[in-house]
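Participant: Okay, here's the structure, questions in a sec.
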Amino acid sequence: MAHFTTLVSRLLPLPVDNVDTDQIIPARFLKTTSKTGLGAALFADWRYLPDGAPRPDFVLNDARYQGAQILLAGANFGCGSSREHAPWALIDYGFRAVISSSFADIFRNNSLKNGLLPIELDTQTLAHLFELCASQPDVEATIDLASQTVWLPDGTQAWFPIDAFSKKCLLEGIDELGYIMRFEAEIAAFEKDMVE
Numbered sequence: 318m319a320h321f322t323t324l325v326s327r328l329l330p331l332p333v334d335n336v337d338t339d340q341i342i343p344a345r346f347l348k349t350t351s352k353t354g355l356g357a358a359l360f361a362d363w364r365y366l367p368d369g370a371p372r373p374d375f376v377l378n379d380a381r382y383q384g385a386q387i388l389l390a391g392a393n394f395g396c397g398s399s400r401e402h403a404p405w406a407l408i409d410y411g412f413r414a415v416i417s418s419s420f421a422d423i424f425r426n427n428s429l430k431n432g433l434l435p436i437e438l439d440t441q442t443l444a445h446l447f448e449l450c451a452s453q454p455d456v457e458a459t460i461d462l463a464s465q466t467v468w469l470p471d472g473t474q475a476w477f478p479i480d481a482f483s484k485k486c487l488l489e490g491i492d493e494l495g496y497i498m499r500f501e502a503e504i505a506a507f508e509k510d511m512v513e
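Per the numbering used here, the sequence shown runs over residues 318 to 513.
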């Protein structure tokens, strides 16, 4: 998992509420346990025409937003079934963070465990960001995980919540197993003492 400290990026706006995990990555792409290659299937039913050609009116196909690492999403993002492939697809596409006014709990947890930062901001701030994206497609925001702050393009800042353990793992670029393995010697000593 990559370290997440500070991210400066354009925003890719997807002002749709209740985007479920089947819309993020349709079920037909879930036959793999590999985390790579799923970016091509991200929002596949919205992103491609029936013949497989890119849908010209879908935001992921808009050249103005190419390279954006922050997805700006509507409320209740990631609802639906538990699908770890959803954050995998977002990460593989190039996103490091998703900003919304609310997330499905399962999606939030799967995202944090895989290195994707879900940022929950109030609805007014989110609406302001969508307005900025509409008027200035190249607008950038800065995310500072250490201070749990999003710096908006107009210089204002918005604080976001995150639990201490997830924050530590993201800052250090480790997952839960990586964190536990740091204590391998202590675990082995404890197990040895338990046997004796």
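All residues carry an ideal CB built from backbone N, CA and C; glycine is no exception.
Since this is a predicted model, take the numbers as computed values, not measurements.
(1) In angstroms, rounded to a whole number, what distance separates the CA positions of Gln441 and Trp468?
(2) Per DSSP, what kind of secondary structure is Leu494 in: helix, strand or coil?
(3) By a C-beta neighbour count over all protein chains shown, 10 Å radius and 16 as the cutoff for buried, is Leu487 buried or exposed?
(4) Excluding the 5 residues preceding and the 5 following Asn427 in the sequence, name in chain order all residues of the same chain whose CB lies nearer than 6 Å to its CB.
(5) Closer than 8 Å is the cut-off here; do at least three beta carbon pairs connect the segment 437-452 with the segment 466-484?
(6) What's the C-alpha gap between Met511 and Leu433?
(7) Should Gly391 and Ala421 be called a contact, given that it needs their Cβ atoms to be closer than 8 Å?
(8) Rank Ala463, Ile504, Phe500 by C-alpha distance to the C-alpha of Lys484 and give the top, closest one.
(9) Taking Arg327 as part of the beta strand (DSSP E), name the residues at either end of that continuous run.
(10) Report all residues from its chain with a CB closer than 6 Å to the CB of Trp363; omit the five preceding and five following residues, and keep chain order.
(11) Closest to Ile408 by CA distance: which of Gln453, Met318, Ala458, Glu489 is it?
(12) For Leu388, does the count of other Cβ atoms within 10 angstroms reach 16, so buried, or fall short, so exposed?
Facilitator: On the basis of the data shown:
(1) Approximately 15 Å, taken between the alpha carbons.
(2) DSSP places Leu494 in the helix class (H, G or I) of the three-state scheme.
(3) Buried, because 16 or more other Cβ atoms sit within 10 Å of the Cβ of Leu487.
(4) When the five nearest sequence neighbours on each side are left out, the beta carbons in the same chain lying within less than 6 Å of the beta carbon of Asn427 are those of Glu401, Pro404, in order along the chain.
(5) By the criterion of at least three beta-carbon pairs nearer than 8 Å, the segment 437-452 is in contact with the segment 466-484.
(6) When rounded, the distance between both Cα atoms is 38 Å.
(7) The Cβ atoms of Gly391 and Ala421 lie no closer than 8 Å to each other.
(8) Among Ala463, Ile504, Phe500, the Cα nearest to that of Lys484 is on Ala463.
(9) Secondary structure note for Arg327: its beta strand (DSSP E) is the uninterrupted segment 323-331.
(10) Here the set comprises Phe375.
(11) Distances from the CA of Ile408 to each of Gln453, Met318, Ala458, Glu489 were compared; the closest alpha carbon is that of Met318.
(12) So Leu388 ends up on the buried side.
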